[in-house]
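Below is one structure, written out as structure tokens, with a few remarks after it.
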Amino acid sequence: MAYDYSKYLRAGKIPHIWCPGCGYGIIMKSMIRAIDGLGWDKNEVVMTSGIGCASRLPGYIDANTLHTTHGRSLAFATGVKVANPKLKVIAMGGDGDMTAIGGNHFIHACRRNIDITCFVFNNYIYGMTGGQYSPTTPKGSRATTAPYGNSDNQFDIAQLAMGAGATFVARTTTYHAVPMEKLMKQALEHKGFSVVEIIAGCPTGYGRKNKLASPAGMIEWQKDHSVAIAQWEKMSDEEKAGKFPIGVLHEVNKPEYVEAYDANVGLS
Amino acid sequence: MAKAEKIEIYANLCKGCEICVELCPVDALEMKDFKAAVKDLDKCIACMQCELRCPDFAIEVYKK
Amino acid sequence: MAKKVKFLQGNEAVCEGALYAGCTFYAGYPITPSTEVAEVLAARLPKIGGRFIQMEDELAAMAATLGGSIAGKKSLTATSGPGMSLKMENLGYGYLTEVPCVIVNVMRGGPSTGLPTGPGQSDVMQARWGTHGDHPCIALTPSTVQEQLNETVRAFNLAEKYRMPVILLTDEIIGHMREAVEIPEPGDLPVIDRKRPTCDPKDYLPYKPEADGVAPMADFGSGYRYHITGLNHLPDGFPSNDGKLAQADEIRQQKKVDDNYDEIVVVDEMMCDDAEILIFAFGSTARSAKEAVQMARAEGIKVGLLRPLTIWPFPDKHLAKYAGKVKRVIVPEMNLGQTALEVERVMKGQPAVEGIFQIDSEPINPVTILNKIKGGK
Numbered sequence: 067m068a069y070d071y072s073k074y075l076r077a078g079k080i081p082h083i084w085c086p087g088c089g090y091g092i093i094m095k096s097m098i099r100a101i102d103g104l105g106w107d108k109n110e111v112v113m114t115s116g117i118g119c120a121s122r123l124p125g126y127i128d129a130n131t132l133h134t135t136h137g138r139s140l141a142f143a144t145g146v147k148v149a150n151p152k153l154k155v156i157a158m159g160g161d162g163d164m165t166a167i168g169g170n171h172f173i174h175a176c177r178r179n180i181d182i183t184c185f186v187f188n189n190y191i192y193g194m195t196g197g198q199y200s201p202t203t204p205k206g207s208r209a210t211t212a213p214y215g216n217s218d219n220q221f222d223i224a225q226l227a228m229g230a231g232a233t234f235v236a237r238t239t240t241y242h243a244v245p246m247e248k249l250m251k252q253a254l255e256h257k258g259f260s261v262v263e264i265i266a267g268c269p270t271g272y273g274r275k276n277k278l279a280s281p282a283g284m285i286e287w288q289k290d291h292s293v294a295i296a297q298w299e300k301m302s303d304e305e306k307a308g309k310f311p312i313g314v315l316h317e318v319n320k321p322e323y324v325e326a327y328d329a330n331v332g333l334s
Numbered sequence: 009m010a011k012a013e014k015i016e017i018y019a020n021l022c023k024g025c026e027i028c029v030e031l032c033p034v035d036a037l038e039m040k041d042f043k044a045a046v047k048d049l050d051k052c053i054a055c056m057q058c059e060l061r062c063p064d065f066a067i068e069v070y071k072k
Numbered sequence: 011m012a013k014k015v016k017f018l019q020g021n022e023a024v025c026e027g028a029l030y031a032g033c034t035f036y037a038g039y040p041i042t043p044s045t046e047v048a049e050v051l052a053a054r055l056p057k058i059g060g061r062f063i064q065m066e067d068e069l070a071a072m073a074a075t076l077g078g079s080i081a082g083k084k085s086l087t088a089t090s091g092p093g094m095s096l097k098m099e100n101l102g103y104g105y106l107t108e109v110p111c112v113i114v115n116v117m118r119g120g121p122s123t124g125l126p127t128g129p130g131q132s133d134v135m136q137a138r139w140g141t142h143g144d145h146p147c148i149a150l151t152p153s154t155v156q157e158q159l160n161e162t163v164r165a166f167n168l169a170e171k172y173r174m175p176v177i178l179l180t181d182e183i184i185g186h187m188r189e190a191v192e193i194p195e196p197g198d199l200p201v202i203d204r205k206r207p208t209c210d211p212k213d214y215l216p217y218k219p220e221a222d223g224v225a226p227m228a229d230f231g232s233g234y235r236y237h238i239t240g241l242n243h244l245p246d247g248f249p250s251n252d253g254k255l256a257q258a259d260e261i262r263q264q265k266k267v268d269d270n271y272d273e274i275v276v277v278d279e280m281m282c283d284d285a286e287i288l289i290f291a292f293g294s295t296a297r298s299a300k301e302a303v304q305m306a307r308a309e310g311i312k313v314g315l316l317r318p319l320t321i322w323p324f325p326d327k328h329l330a331k332y333a334g335k336v337k338r339v340i341v342p343e344m345n346l347g348q349t350a351l352e353v354e355r356v357m358k359g360q361p362a363v364e365g366i367f368q369i370d371s372e373p374i375n376p377v378t379i380l381n382k383i384k385g386g387k
């Protein structure tokens, strides 16, 4: 039997709005399988998002879904979680949403170690607005607002999350659909703030401008440029050049925000 | 080697991105009228890569 | 039985009101002169099972306040001018998505950082039109510390009843002054909770209004799984690009307020019956105006004070009664004529509006108002 996604999808909402070859549909499917694999009650699942292509995802899922303002996914999610810690809160957004306009919320959610799982869809571009460079667009890459090539330095989202205090940080790609599901499960189960950065292809906004227009080619690129963390740690700097590590990059246990607050103020 | 009994492709959902066709390791799929189609079911090894990587819920592979 | 009386600061009274109304969640960001609201609730909320969080910025504070309400808790945030400017983005989200909550703006002086420790009343138009797009608005303007408490309760009630954010538009003078306040006992003041759905979850439409124009709102996690979006949406909560439907929905939201003017708009009319001169003043300026009216009356001048406790929707009906009836209308306010414009709109030149506009971070002196009353045109 093929996997039945329909039990987590809202009836009549598919096909989704994403372009042909967009990696976000692959992410949505892995996410559904991960949540299903944990046997979570849909009534307790809250999904928040900001603005952008990634942020349209919650609208397709049969859960408590909150499509907020640009960058504010985690700020709304924090309010929901603190007001009702029993809810299982998943916040998501794209690279621009989460690390540019929402960057402040991102680092502070990491710092608090609030029990929210944050999925950052990194396709190196602002897709919804038509392909402008984002904080993760590689230097030299083309974007509609970088007609001479991007001059900006890049954020490494996973490093940013680790530096800011997230207690579970992982990275994966849309090539790795099954490992992605497993990482998502680990992140969802982790007590504290967990981040999964997912490298995804945007054939329309990024690929077209950078001679990577084939969706399959973009997925092959992810395979060729990603290295499992265990292997990565054995590699020399020369070997690492142009590549990125995937897998669980960081995992520690620290007191969770709401539990620590409750204990501190005498609520628990 | 696993085999597929059936590969269901929903033309109404397929957006023709060709991910499944290009990533199929055994060349079992092809494009027809800008949509994915089964080229040779016998070749399919039911690796599920097309189903897992289809962003559009358009392919289902049923293992034998 | 003797009432419990406390000597409270205005910002503390807001907290008493919030707790009375059933507030159990506060998200904020420190800003003068509103910070005491956060400080008091940080201490008080855990004692009643509620939670307080200091967010990373004002945008987040507004977002988390809405998030708390969506999770089913009566939620409050407090700020002042610069913070209010930042809150505008998510305040607009709260209007379009119809999420009840209360925002306290303790007005200070000036644009930008301005005069942070002094009073102002320059955010009247910001309260109404600060966030982009058309939307309904309720803003309340207390003048006493007692009213800080009572109007906070009323703000929560209106927010819950009409399913929308409500602004308590107060100022540094009232926020920081201390007065004796009667603490209401349970039952003394009405406390309204939002309508929640009772239908089968599969039939729930989060934006399908009932006869009163308001749809029941489900708490996230209560079994009613639904979608909230800041895009214009259909009764089922999902986005739609249909402009005609968007227009109809926004008009419906505006009508929630317009059709309930009589319940929402509260105005204190003092010595207005025989008044030949009408003063229109709100907030701390109304205190000076009251003093000026009493001084003028003592000299036999027929002057009255119309003091709105609801500034938005604007008290058109209350004010219009005096158009063509009074000889003069004076509007003192700590801004350069924001409500005077509204008074002018309602009075239609009968008579012309005379303003006393002051933005020097000082309260308007009753004598300044008295001199205007006595000085004629």
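Protein chains in written order, with my numbering: chain A, 67 to 334; chain B, 9 to 72; chain C, 11 to 387.
Note that CB positions come from ideal geometry on N, CA and C, so glycine has one too.
- Distance from the CA of Ala100(A) to the CA of Glu16(B), rounded to the nearest whole angstrom, comes to 23 Å.
- Annotation: the continuous alpha helix (DSSP H) that includes Leu226(A) extends over 223–230.
- Annotated as proximal: Glu30(B) and Ala282(A), with beta-carbon spacing under 8 Å.
- Look at Tyr327(A): its C-beta is under 8 Å from a C-beta on chain C.
- Here the alpha carbon of Val224(C) sits roughly 16 Å from the alpha carbon of Gln257(C).
- Within the same chain, Cβ atoms closer than 7 Å to the Cβ of Lys147(A) are found at Leu153, Val155, Ile180, Asp181, Ile182, Val324, the five residues on either side in sequence being excluded.
- With respect to chain A, the C-beta atom of Ile27(B) has a partner C-beta closer than 8 Å.
- Under the 8 Å criterion on CB atoms, Leu153(A) is classed as interfacial with respect to chain C.
- Using a CB distance below 7 Å, the part of the segment 95–111 of chain C facing chain A consists of Glu99, Asn100, Tyr103, ordered along the chain.
- A straight-line Cα-Cα distance of about 15 Å links Gly231(A) and Thr165(A).
- In this structure, DSSP gives Thr211(A) a state outside helix and strand, which the three-state scheme calls coil.
- DSSP places Asn130(A) inside the beta strand (DSSP E), whose first and last residues are 130–133.
- Neighbours of Phe248(C) in chain A, taken as residues at a C-beta separation under 9 Å, are given in chain order as Arg76, Lys79, Gly125.
- Taking the Cβ atoms as the reference, Glu322(A) lies roughly 5 Å from Lys257(A), within the contact range of under 8 Å.
- Secondary structure in the segment 144–222 of chain C: the alpha helix (DSSP H) runs of 4 residues or longer, each lying completely within the stretch, are 155–172, 182–186 in chain order.
- Arg138(C): member of the alpha helix (DSSP H) spanning 134–139, first to last residue.
- Using a Cβ distance threshold of 8 Å, Met227(C) and Lys212(C) do not count as a contacting pair.
- Contact between the segment 67–79 of chain C and the segment 101–113 of chain C is present: 3 or more CB-CB pairs across the two stretches fall below 8 Å.
- Contact check between the segment 293–306 of chain C and the segment 322–334 of chain C: fewer than three CB pairs, one atom from each, fall below 8 Å, which does not count as touching.
- Bounds of the beta strand (DSSP E) holding Leu288(C) are 287–290.
- Interface annotation for the segment 165–186 of chain C against chain A: empty, criterion Cβ-Cβ distance under 7 Å.
- Per DSSP, the unbroken beta strand (DSSP E) holding Lys43(B) starts and ends at 43–46.
- Between Asp290(A) and Ile223(A) a beta carbon distance of about 20 Å is seen, past the 8 Å cut, so the two are scored as non-contacting.
- Unbroken alpha helix (DSSP H) runs of no fewer than 4 residues, entirely contained in the segment 282–322 of chain A, are found at 295–298, 303–306, following chain order.
- In this structure, the straight-line span from the alpha carbon of Gly137(A) to that of Val186(A) is close to 11 Å.
- Rounded to whole angstroms, the separation of the alpha carbons of Thr144(A) and Leu319(C) is 33 Å.
- In its chain, beyond the 5 residues on either side, Leu49, Cys52, Ala54, Val69, Tyr70, Lys71, Lys72 have a beta carbon closer than 7 Å to the beta carbon of Ala12(B).
- In the displayed model, Gln64(C) falls within a strand according to three-state DSSP.
- Fewer than three beta-carbon pairs drawn from the segment 227–243 of chain C and the segment 271–289 of chain C are found closer than 8 Å, and the two stretches are therefore not classed as touching.
- Contacts with chain A at 8 Å (Cβ-Cβ) include Pro63(B).
- The Cβ atoms of Val235(A) and His316(A) lie closer than 8 Å to each other.
- Per DSSP, the continuous alpha helix (DSSP H) segment holding Thr144(A) begins and ends at 139–149.
- Within the segment 80–95 of chain A, the residues whose Cβ lies closer than 9 Å to any Cβ of chain B are, in chain order, Ile80, Pro81, His82, Trp84, Cys85, Pro86, Gly87, Cys88, Gly89, Tyr90, Gly91, Ile92, Ile93, Met94, Lys95.
- Distance between Ser334(A) and Arg178(A), taken at the CA atoms: about 18 Å.
- Between Val163(C) and Asn345(C), the C-beta gap is not smaller than 8 Å, which leaves the two residues out of contact.
- Listed along the chain, the chain B residues whose CB falls inside 9 Å of the CB of Pro281(A) are Cys25, Glu26, Ile27, Glu30, Pro63.
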